[in-house]
Amino acid sequence: MNGKTALIVSLLVVVGALGFLIYTGLTGNMVYYYHVDEFLPKATALNGEVIKINGKVKAGSILKQNMDYRFVIHGAPVNTVNVDYHGVVPDTFKDGSDVVVEGIYHPDTKRFHATTLLAKCPTKYEPQKQARVE
Amino acid sequence: MLPEIGQYTLIAAGVLCLYSMIACVTGARLRRADLVESGERAVVGIIFLVFFASGLLVYSLVISDFRLEYVAQYTSTTLPLQYKITAFWGGQAGSMLFWLLILSVYTVIALIQNQNKNRQLMPYVTAVLSGICLFFIVMLIFAADPFKRLIPVPVEGQGLNPLLQNYWMVSHPPALYAGYVGLSVPFAFAMAALMTGNLETGWIKAIRKWTLFSWLFLTVGILQGSYWAYIELGWGGYWAWDPVENASLMPWLAATAFVHSVMIQEKKGMLKMWNMVLVLIAFTLSIFGTFLTRSGVVSSVHSFAQSPIGTYFVVFMALQIGLSVFLLLMRKKELAPEARLESFVSRESSFLFNNVFFLVICIAVLCGTTFPILSEWVTGSKVTVSAPFFNKVVMPFAIGLILLTGICPLIAWRKAGLKNLQRNFVVPSGFALIATIILAILGVHHWLTLLFFFSAMFVLVTVYVEFNKGTRARMAMVSEGAPAALYHLVERNKRRYGGFIVHTGIAVIFIGIAASSFYQLEKEVTVKQNESFAIGAYTLKYSDLQFLQDAHKEVWQARLDVFKGEKQVAVLQPERHFYKNSDQPTTEVAIRPFWNEDLYLILVGPDQAGAGIFKVFVNPFIGLIWRGGLIMALGGLVILLPEFKPEFATSTASEIAAEEPAT
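Listed in order, the protein sequences are those of chains A and B.
Its first residue numbered 8, the first sequence is counted upward by one per residue in our numbering.
Its first residue numbered 4, the second sequence is counted upward by one per residue in our numbering.
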């Protein structure tokens, strides 16, 4: 096998490996991302799948006991989801902040059990501007 | 009046950009030196106007002129002065003006550097850089106007989030921007070379320096960002594969690939097409990164249609990529390599693989970052991937890269024989293997950690061997002492040994990443006063919680005494701050670095019964990440500094030579 063939073969191996890793990585780690308004119509059809939901924390809804949090996120004012979360919350988590929760929805109790909670970094994403648009 | 002056200044700068583009290109086409000169001089006008506009904005920020919407959005009268100034790059419109400011400074520097060099290229370089300036000016005028009036004028501004009020806000964004923008200059040179067909390697040297310069700033910027996240944000981590982080990593990867492959072009005349492609990719990614960070496209489901600057960026990128690809195809024949790869086992091919791996990682990161957008286009629903995806895909290639870092200097050019391999590889791989076995005996059994450690040790040993060999050779040849020989060795061949220093830094970073990722300890505890809890080798006794107050904020401050065995080794005081004029609390983490690990403590708060709630981490060897980063930056400086001021360097060298006999 001369140099060029060996090179082409090994480059193909690298690209193949990339394709394989991306494919298996995606199938194992894909998480659907919904806004609260999109999520609600689909809520009952999800069957315990892990998803992400984006919404705003309803003012006054945060209940806190030690590291257990219960709060409500909303899109349009009537569209709300009750969320449970255990852990340390980011500093940016507060009334009105734009959050993304990842976890599982339980249709029987109508509660979303979040395992991760992200609240958006305010400067980077200009929430003031978004607030004005809505 | 002032807001309008700002707007008119930008419009005037835009007109000058357009003039500079037209004058330079027509001047070069018609061989009219006077036109070219006039076009290049216009750049001086541009930088003056851009400086003036930036000065106006900074002045408005400093005096809290809330007639400007931007000033009201990002500052308040009570904000300390330094954060009023940093608000210049804190928001969207200001950061675009900041980009423009740096770009116009770079344009002038590039012109000064090339007053008597690369004359054929410079009109086109100037035109391309003015074109990029024009894009930002158009965006500043029509979509992200920093001088937009706010009516009615508010009494107080919205202020800056307390989370961002720390030193890192001052130095992290400018470092990243300096890096991003720096990639425009190589891009402009590449475009100029393609347009004129002047593809000799002479200009390659100019862009190599600029790419290294950008690389250095990107490296420093990225590492500062990770350190900021670690010490301030309070979630124990330093890298989350967040889109904004990825946006800075991608151009870094492309730039790193380029500074490697450019050596092959200089030495062997190979990879010309490839290098051109890398330069274009690096610039595209720097624009794309600014777009990702600033348009909000990946943060919100609907922002693509809403964010006006997003559209501008998409149009600009489409034009720029289209033009680059067209020119590349036009010059395809002229970019043919002067030599062919002779052997698979050669230094050339190890460089090639280094490049492929960097690019493959870049593609993987790009895939994961843009997956939500792509999936929404294709299927209508947004699908995200997070850290596990990136870790899984990137890790194998990262380990491959580290191994290559060690292999590359050992392997011969053109064709490496079996003897060459045996002679050079046995010692480093043997040492690395022994070190790894010792680590395993000491109790580290996680195979990935061991693999990371082996690769990193392999690099460190090869670097040591190289330094040792070179220093000994000098000592024998010119009979110098070891320190002098080492100094001169590096000084005579800064690129080679500076590169080795960078590699040392990377190996150190990898050890830090492996240890802290796979051996992190984590615990959530609720403890009553004067009770203790244990984590790792430490026992923490919760002794006090105080509620303090000053003019601006309320502070909860806990006190924990840390014992290792019987001996007290530290007092940790994690805090939470509640600002009076902001509803944003901040968590002040307490970190105690030991030589081998960081003890990292977060105060969550008191519970109803008055017990303290804490989250605590032990992060083994995490400090190596930033120490390695400092080594990398040092290596980058070694390569870069003297090349930027050749006259200065030679004069100091001769001064040193003149002083030497006296001492």
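Just so you know, even glycine gets a beta-carbon here, dropped at the ideal spot from N, CA and C.
Just so we're clear, the structure is a prediction, and the values are computed from it rather than from any experiment.
Query	Result
Can residue 219 (chain B) and residue 255 (chain B) be called in contact, C-beta distance under 8 Å?	no
Using a C-beta to C-beta distance shorter than 9 Å, which residues of chain B count as neighbours of residue 99 (chain A)?	164, 166, 587
How about residue 253 (chain B) and residue 370 (chain B): are their beta carbons less than 8 Å apart?	no
Residues in its own chain within less than 6 Å of residue 131 (chain B) by CB, not counting five upstream and five downstream?	191, 194
Rank B:236, B:263, B:121 by C-alpha distance to the C-alpha of residue 196 (chain B) and give the top, closest one.	B:121
Consider the C-beta atom of residue 124 (chain A) and the heavy atoms of the ligand FAD; say whether any pair is separated by less than 7 Å.	For the structure depicted, the ligand FAD is absent and the ligand set is empty, with no information on it obtainable.
Taking Cβ-Cβ distances below 8 Å as the criterion, which residues of the stretch 606 to 639 of chain B are in contact with chain A?	607, 610, 611, 616, 618
Going by Cα to Cα distance, which pick from B:138, B:337, B:525, B:521 is closest to residue 451 (chain B)?	B:521
Could one say the Cβ of residue 21 (chain A) lies closer than 8 Å to chain B's Cβ atoms, at least one of them?	yes
Please identify the residue among B:548, B:275, B:622, B:430 whose C-alpha is closest to the C-alpha of residue 612 (chain B).	B:548
Hey, how far is the Cα of residue 102 (chain B) from the Cα of residue 316 (chain B)?	14 Å
Under 8 Å, CB to CB, which of the residues in the stretch 20 to 54 of chain A have a partner in chain B?	21, 22, 24, 25, 28, 29, 31, 32, 33, 35, 36, 37, 38, 39, 40, 41, 42, 45
Let me check one thing: in DSSP terms, what residues is residue 412 (chain B) bridge-paired to?	DSSP lists no partner for residue 412 (chain B).
Are the C-beta atoms of residue 65 (chain A) and some chain B residue less than 8 Å apart?	no
Residue 148 (chain B) and residue 96 (chain B) look like a contact to me (Cβ under 8 Å); what is the Cβ gap, rounded to whole Å?	6 Å
Could you name each continuous beta strand (DSSP E) segment of 3 residues or more that falls completely within the stretch 5 to 59 of chain B, going from the start of the chain to the end?	none
Under 8 Å between the Cβ atoms of residue 455 (chain B) and residue 407 (chain B)?	no
Identify whether residue 126 (chain A) lies in helix, strand or coil by the three-state DSSP scheme.	strand
Is the shortest distance between the beta-carbon of residue 86 (chain A) and the beta-carbons of chain D less than 8 Å?	The structure shown has no chain D; the protein chains it does contain are A and B.
Below 8 Å between beta carbons: does that hold for residue 513 (chain B) and residue 554 (chain B)?	no
Taking just the CA atoms, how far does residue 40 (chain B) sit from residue 175 (chain B)?	37 Å
Using a threshold of 8 Å, state whether the C-beta atoms of residue 466 (chain B) and residue 507 (chain B) are closer than that.	yes
Taking C-alpha atoms, which residue in B:164, B:205, B:181 lies nearest to residue 223 (chain B)?	B:181
Would residue 95 (chain A) count as contacting chain B if we go by Cβ distances under 8 Å?	yes
Less than 8 Å between CB atoms is the rule here; does residue 179 (chain B) satisfy it with respect to chain A?	no
Enumerated in chain order, which unbroken segments of the alpha helix (DSSP H) with a length of 4 residues or greater are wholly contained in the stretch 107 to 183 of chain B?	125 to 145
Cutting at 6 Å between CB atoms, please list the residues of its own chain near residue 472 (chain B), excluding the five before and the five after it.	none
Is DSSP giving residue 44 (chain A) helix, strand or coil here?	helix
With a 10 Å radius around its C-beta and 16 neighbouring C-beta atoms as the bar for buried, classify residue 628 (chain B) as buried or exposed.	buried
Short check: CB of residue 46 (chain A) to CB of residue 90 (chain A), under 8 Å?	no
Note down the Cα distance separating residue 270 (chain B) from residue 331 (chain B), rounded to an integer number of angstroms.	22 Å
Identify the residues that DSSP records as bridge partners of residue 463 (chain B): which are they?	DSSP output for residue 463 (chain B) lists no bridge partner at all.
Going by C-alpha to C-alpha distance, which of B:643, B:626, B:387 sits closest to residue 227 (chain B)?	B:626
Using a Cβ-Cβ distance cut-off of 8 Å, determine whether residue 370 (chain B) contacts chain A.	yes
So, with DSSP's three-state summary, where would you put residue 659 (chain B)?	Because the pLDDT at residue 659 (chain B) is just 40, under 50, the model does not fix this residue reliably, and the value given afterwards should be weighed accordingly. Helix.
Taking the alpha-carbon positions, what's the residue 604 (chain B) to residue 541 (chain B) distance?	12 Å
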